[in-house]
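Participant: Each number in this note's numbering comes from the position in the sequence shown (counting from 1) with 21 added on. My questions will all concern the structure given below.
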Amino acid sequence: MKKERGIEHADELMCRVEHILNELATQGWKLKEILPNVNTASGDWLGVFLVLNKA
22 MKKERGIEHA DELMCRVEHI LNELATQGWK LKEILPNVNT ASGDWLGVFL VLNKA
């Protein structure tokens, strides 16, 4: 049950990130790279860094 909720949360998070990237694109920003922020002890993803360039 916990895993399914995590997947739903990840999907919601990705929708929010996509919305933010679309908003930034209207201001002249472009996504260059997505870098994972990993907890090396467990190997689980804790988050991501979005690398943006001014277009």
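Ideal Cβ positions, reconstructed from N, Cα and C, are used throughout, including at glycine.
(1) Run through DSSP, which three-state label would N74 get?
(2) Go ahead and pull the three-state DSSP assignment for N43.
(3) List the residues that DSSP assigns as beta-bridge partners of N58.
(4) With a threshold of 7 Å on Cβ separation, who are the neighbours of V72 within its own chain once the five nearest residues in sequence on each side are excluded?
Facilitator: In brief:
(1) As a working mapping, residue 74 is identified with position 53 in the sequence shown. N74 falls in the strand class under three-state DSSP.
(2) Residue mapping note: residue 43 aligns to position 22 of the sequence shown, counting from 1. The answer is helix: DSSP assigns N43 an H, G or I state.
(3) What you label residue 58 is simply residue 37 of the sequence shown in a count that begins at 1. According to DSSP, N58 bridges with G68.
(4) The residue given as residue 72 occupies position 51 in the sequence shown. For V72, where only same-chain residues beyond five positions count, the Cβ hits under 7 Å are K53, E54 and L56.
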